[in-house]
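Participant:
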Amino acid sequence: MNTTLDFDKAGGLVAAVAQDADTGEVLMLAWMNREAFDETVRTGRAVYFSRSRNKLWRKGEESGNVQEVRGVFIDCDADTVLLKVKQIGGAACHEGYKSCFFRQLDEGELKVIAERIFDPKAVYKK
Numbered sequence: 039m040n041t042t043l044d045f046d047k048a049g050g051l052v053a054a055v056a057q058d059a060d061t062g063e064v065l066m067l068a069w070m071n072r073e074a075f076d077e078t079v080r081t082g083r084a085v086y087f088s089r090s091r092n093k094l095w096r097k098g099e100e101s102g103n104v105q106e107v108r109g110v111f112i113d114c115d116a117d118t119v120l121l122k123v124k125q126i127g128g129a130a131c132h133e134g135y136k137s138c139f140f141r142q143l144d145e146g147e148l149k150v151i152a153e154r155i156f157d158p159k160a161v162y163k164k
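Add 38 to a position in the sequence shown, counting from 1, and you land on the number used in this note's numbering.
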């Protein structure tokens, strides 16, 4: 697929922000290479590139918590993708929270401000 995304700027990757399409809550930040972006657009399901595993990561392939894409937006510098998604299963975070941003800095300390939806030890059996 021919896009205006600049995959070369950051070594073949662009930042991808997933946002709840209904509430506007930011769920997570991940990375996409061209293949992940193209598959996301083609299938309507969020696909990212795992830098630690050096391979495509189809969101929810292990947990079942997939992201159905409702809209794809590209920023002005063409190096960031915003996905407006419907989060299936309730949790975007691999630690079992709705959002990866479940901690808040409060008076110099990080505090958990959300309820865990699932136990990652029970979901990710490695």
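Note that CB positions come from ideal geometry on N, CA and C, so glycine has one too.
#1: How is residue 159 classed by DSSP in three states: helix, strand or coil?
#2: To which residues of the same chain is residue 59 closer than 7 Å at the C-beta, ignoring the five residues directly before and after it?
#3: Could you tell me the alpha carbon to alpha carbon distance between residue 145 and residue 151, rounded to whole angstroms?
#4: For residue 68, I'd like the list of residues in its chain whose CB is within less than 6 Å of its CB, leaving aside the five on either flank, ordered along the chain.
#5: In chain order, which continuous runs of the alpha helix (DSSP H) of length 4 or greater are located wholly inside the segment 39–81?
#6: Taking the C-alpha atoms as reference points, what is the distance between residue 83 and residue 91?
#7: Please state whether the Cβ-Cβ distance between residue 101 and residue 95 is less than 8 Å.
#8: Tell me the DSSP secondary structure of residue 88 in three-state form.
Facilitator: Looking at the atomic coordinates:
#1: Residue 159: helix per DSSP, three-state reduction.
#2: For residue 59, where only same-chain residues beyond five positions count, the Cβ hits under 7 Å are 108, 109, 122, 123 and 124.
#3: If I take the Cα positions, the gap works out to 14 Å.
#4: Once the five neighbours on either side are set aside, the close Cβ partners of residue 68 are 54 and 86.
#5: Qualifying alpha helix (DSSP H) stretches, in chain order: 72–81.
#6: Within the model, the alpha-carbon separation for residue 83 versus residue 91 is close to 20 Å.
#7: In this structure, residue 95 does not lie closer than 8 Å to residue 101 by Cβ.
#8: Assignment of residue 88 by DSSP, reduced to helix, strand and coil, places it in the strand class.
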